[in-house]
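Asks: There's a structure below that I have some questions on.
Protein chains in written order, with this note's numbering: chain A, -12 to 317; chain B, 34 to 326; chain C, 206 to 531.
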């Protein structure tokens, strides 16, 4: 039995594009959005694994499918060794306590009609981690204190707090059930730069204190570099490269990863020519045959249109899915 | 409760209310009629439902302002009923019918709307198609049909109105629910493993209530008019318990022979009630609309 | 001809709301020469966007220009009438907004939208306008421009739409372009293409560009001069090298330290402690004082004035009144 807390194998998720009078109930929908395609990775206990990519690459959908907000269309998800891919609502109940999520938008991720005390005590009560409301409230205040909010603020409403404080409240809610695994879906993207640093530091602190593992979703590579142990790069629903923080940032292999790194503005350096042309399709409806990246790739060859490249390991812990790299690389 | 009231007085909403004369007028009108409905029956000179108190020889007496021999402030109708008492009791019926029907259709409509909006799928389609079919008939027609089939009576009027009125709530709540459903706090609730029932009623419902307040206020006015119309047509309340509509219709035939007070006073009362609900409803709609801010 | 293309002197734009006065722009000073690129950097609520809107006199009630001047080619914009302004907006000064999804009217083709600008600000015939529109689309890098003229905004991706907006903004060869967070809503690979293109076009046309953004790294790539804003005031201004390599104001230093960088390997970031104050509850004295490591009692009482510590490099901080150090 591996010590992987989370194991994802060949995960696939498609969304039908609805057409017709009865919204596709009585007819087969003609088109699908291929959000997640054959994605495989694992997360060890105590590890921070990041999924990086641009809009439409499927990283958020992957995260939501793992936590069963969506039902997977293919592949499997194992949590703590148990297959949770097709579990029903009742069977998922014990797992809900062990996996939690932090969302991107600090303005819509907290119920505007709940006081923050209730936002945090509700899950505690629901999962019977406290005997009564009073006890749940006490536990809630304790967690709020831990993440830097004062007890007097507990009876306020979300709109009375700033973006950074709201993210702290979201983190507190995620911690309320004492989970083992937290998915953080772009938790700092909507925050000001100086607040981002506070929240990232907080996430690192609580990881040690509460013994957590993270799946971190982001599009900002610099943020990812600071917080992750391992990184997966996604494009059009596929994982194109995966590796340890050291290897992947020092020598990226996949042409997309290289283009991504080259596009990031570096402080104080004059702008270089853009590393890549064209736009990322934001809704992957018609996937190109073979490699998903070939239409924008400077190194595309005949085989790229015919065969889908598989993730192959090129050094310990560092894998890439690219025919070009296979043949000798960048 | 005290702090809620204190907060309300300090809020921007109250500030806008204080400066909006139309809204204040609407509130005063409604307040007046509510008080009339509650306390009026204790101070009216006559109980118009008690047939023993009526004296046929008092029929069609003019208001005492016009003819000082008549001791009826607003005159009497063809059965010798004091118009003032009739109107006060009529207001009571109007408000009772309007508010009860509004509450029932609110509950039914909101529940159906929440389910349709949250669950989506075939359930949503089904509920919305039923709503659409019902909307394709004029509300009055449906109410009329129900009253004709089931007979007269206040309770039946309330049921008929509720069966017409739920659709507006259902559609509004469905739209608002669909907007809320995509927000991340709903995802957070699902991640905690809450059942759908809990998410719909504890989490989403408080966030979709705002437009309902506006609809409810205006709908009270609409129901009052509908009830009056049904009574006017003779299918609403029974003749022994006259509502404003019935009073209106009883004076309708003699309107142009100079006995104007039998129709005009009930008519004016109805007018003022509707104006009150609409003014207040307009103010609430503008006030509670976040897009206008 | 004026020495500077744009001179903003002690600009104050306040908003009078129900909850109080918001001093969105509170005494902003800067100058811009012709043909340069200026970066305006700051976090949300610092007033950088309102500064941009003020230059175009696009401030609606409850906002008001309380004092100051905006000299464009020597003439004060704040004294101009709406009629005069409508000849300047979209013509001499144009603006690029943040959200490409909503900046274009969904009901008109992009050809119509580009040609509308040309029709209002010029005397071209229909055919000339069409040709110019095609040329503009080519210049911003949209493939098959002739056929795409007849497409609607929803048929373009985010990056393409932003290019269309750049095309519209360049249509009249304006002297000044104000770009308010033009790439925040775009992916980083698209961002690099767009900014690259924008820089090239601005240089080619000899226009000037004000780039308003919170992304310090981005602005450091193309701007020659940078001003850093906090709570409605300019806390530091200078050349790009001054700000990035010789930052002096504690806020600028804190900002640069708290940004995760690709090229360093610190494990923990150094955030600026505390939060941006609410605009209704600004501190007396220096607005940054409560969060400042070097705060002294003087900082809490009086607001600092701008001091020139090197040619062109100005800082608004009491530390430099007495030439002290932290």
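Don't be surprised by glycine CBs; every beta carbon is placed ideally from N, CA and C.
No experiment lies behind these values; they were computed from the predicted model shown.
From what residue to what residue does the alpha helix (DSSP H) around residue 236(A) run?
Replies: That run of the alpha helix (DSSP H) goes 232 to 237.
Asks: Residues in the same chain with beta-carbon distance under 7 Å from residue 177(A), minus the five sequence neighbours each way, listed in chain order, please.
Replies: 91, 92, 93, 150, listed in sequence order.
Asks: If you draw a straight line from the C-alpha of residue 228(C) to the C-alpha of residue 254(C), how long is it?
Replies: Answer to the nearest angstrom: the Cα atoms are 13 Å apart.
Asks: Should residue 131(A) be labelled buried (16 or more other beta-carbon atoms within 10 Å of its own) or exposed?
Replies: Under this definition residue 131(A) is a buried residue.
Asks: What residue range does the alpha helix (DSSP H) around residue 65(A) cover?
Replies: Taken as a continuous stretch (DSSP letters only), residue 65(A) belongs to no alpha helix (DSSP H), being part of the beta strand (DSSP E) at 61 to 66.
Asks: What three-state label does DSSP hand residue 521(C) in the structure shown?
Replies: Looking at residue 521(C) - three-state DSSP - the assignment turns out to be strand.
Asks: What does residue 223(B) reach in chain A if we use C-beta pairs closer than 7 Å?
Replies: Those within 7 Å of residue 223(B) in chain A are 56.
Asks: What does residue 188(A) touch in chain C if you count any residue whose Cβ is under 8 Å from its own?
Replies: Under the 8 Å cutoff, chain C gives 473, 474, 476.
Asks: Would you call the CB atoms of residue 34(A) and residue 192(A) closer than 7 Å?
Replies: Contact: no.
Asks: On the premise that residue 69(A) lies in contact with residue 224(A), defined as a C-beta separation below 8 Å, what is that separation, rounded to the nearest angstrom?
Replies: Actually they are not in contact, since the Cβ atoms of residue 224(A) and residue 69(A) sit about 26 Å apart, beyond 8 Å.
Asks: Give the residues from the segment 113 to 140 of chain A that approach chain C closer than 7 Å (Cβ to any Cβ), ordered along the chain.
Replies: Those would be none; no residue qualifies.
Asks: Could you tell me the boundaries of the alpha helix (DSSP H) in which residue 27(A) lies?
Replies: From DSSP, residue 27(A) is part of no alpha helix (DSSP H) but of the beta strand (DSSP E) over 18 to 31.
Asks: Touch check for the segment 350 to 364 of chain C and the segment 309 to 316 of chain C: three-plus C-beta pairs under 8 Å?
Replies: The segment 350 to 364 of chain C vs the segment 309 to 316 of chain C: in contact.
Asks: Compare the C-beta of residue 454(C) against all C-beta atoms of chain A and say whether one is closer than 7 Å.
Replies: No, because no Cβ of chain A sits closer than 7 Å to the Cβ of residue 454(C).
Asks: Can you list the residues of chain B that residue 323(A) reaches, using a CB-CB cut of under 8 Å?
Replies: Outside the modelled stretch of chain A, which goes from -12 to 317, sits residue 323(A), for which no answer is possible.
Asks: Check whether the segment 221 to 232 of chain B touches the segment 105 to 116 of chain B, taking contact to mean three or more Cβ pairs, one atom from each stretch, closer than 8 Å.
Replies: Taking 8 Å as the limit for Cβ pairs, the verdict is that the segment 105 to 116 of chain B does not touch the segment 221 to 232 of chain B.
Asks: Where does residue 84(A) fall in DSSP's three states?
Replies: Here residue 84(A) sits in coil by DSSP.
Asks: Please identify, using Cβ separations under 8 Å, the residues of the segment 210 to 221 of chain B that lie next to chain F, in order along the chain.
Replies: Among the protein chains of the structure shown, namely A, B and C, there is no chain F.
Asks: Between residue 392(C) and residue 206(A), what straight-line distance do the alpha-carbon atoms span, to the nearest angstrom?
Replies: Cα-Cα distance, rounded: 8 Å.
Asks: If we require 3 or more residues per run, which beta strand (DSSP E) segments fall completely within the segment 414 to 482 of chain C?
Replies: List check, beta strand (DSSP E) in window: 430 to 435, 438 to 444.
Asks: Indicate whether at least one CB of chain C lies closer than 7 Å to the CB of residue 11(A).
Replies: For residue 11(A), the predicted structure reports a pLDDT of 48, less than 50, and the residue's modelled location is therefore unreliable. A value from the coordinates is still provided. By this cut-off, residue 11(A) is not an interface position.
Asks: Per DSSP, residue 217(A) is paired with what?
Replies: DSSP lists 36(A), 231(A) as partners of residue 217(A).
Asks: Can you check whether the C-beta of residue 369(C) is within less than 7 Å of a C-beta belonging to chain A?
Replies: False, the Cβ-Cβ gap to chain A never drops below 7 Å.
Asks: Under DSSP, the alpha helix (DSSP H) around residue 321(A) begins and ends at which residues?
Replies: Outside the modelled stretch of chain A, which goes from -12 to 317, sits residue 321(A), for which no answer is possible.
Asks: How many Å lie between residue 170(A) and residue 465(C) at the Cα?
Replies: Whole-angstrom Cα-Cα distance: 21 Å.
Asks: By DSSP, does residue 219(C) sit in helix, in strand, or in coil?
Replies: Reduced to three states, the DSSP call for residue 219(C) is strand.
Asks: Which residues bound the alpha helix (DSSP H) around residue 213(B)?
Replies: Here the alpha helix (DSSP H) through residue 213(B) covers 187 to 214.
Asks: How far does the alpha helix (DSSP H) with residue 117(B) in it reach, from first residue to last?
Replies: From DSSP, the alpha helix (DSSP H) with residue 117(B) extends over 116 to 152.
Asks: Could you give the first and the last residue of the continuous beta strand (DSSP E) run that contains residue 201(A)?
Replies: It spans 200 to 205 - the beta strand (DSSP E) in which residue 201(A) sits, taken as one unbroken run.
Asks: Any idea which residues DSSP pairs residue 584(C) with across the strands?
Replies: Since the first residue of chain C shown is 206 and the last is 531, residue 584(C) is not available in this structure.
Asks: Can you list, in chain order, the residues of its chain whose CB lies under 7 Å from that of residue 222(C), leaving out five sequence neighbours each side?
Replies: Counting only Cβ-Cβ distances below 7 Å, and skipping sequence neighbours, we find 267.
Asks: When you compare only the Cα positions, how much space is there between residue 118(A) and residue 164(A)?
Replies: Whole-angstrom Cα-Cα distance: 14 Å.
Asks: Please check if any C-beta of chain B sits within less than 7 Å of the C-beta of residue 258(A).
Replies: No, residue 258(A) lies away from the interface with chain B (no Cβ there is under 7 Å from its Cβ).
Asks: Residue 232(C) by DSSP, collapsed to three states: which one?
Replies: Reduced to three states, the DSSP call for residue 232(C) is strand.
Asks: Identify, in the order they occur along the chain, each residue of the same chain with its Cβ nearer than 8 Å to the Cβ of residue 281(C), setting aside the five sequence neighbours on each side.
Replies: Here the set comprises 274, 275.
Asks: Check this for me: beta carbons of residue 77(B) and residue 127(B), under 7 Å apart or not?
Replies: No, they are not a contact pair.
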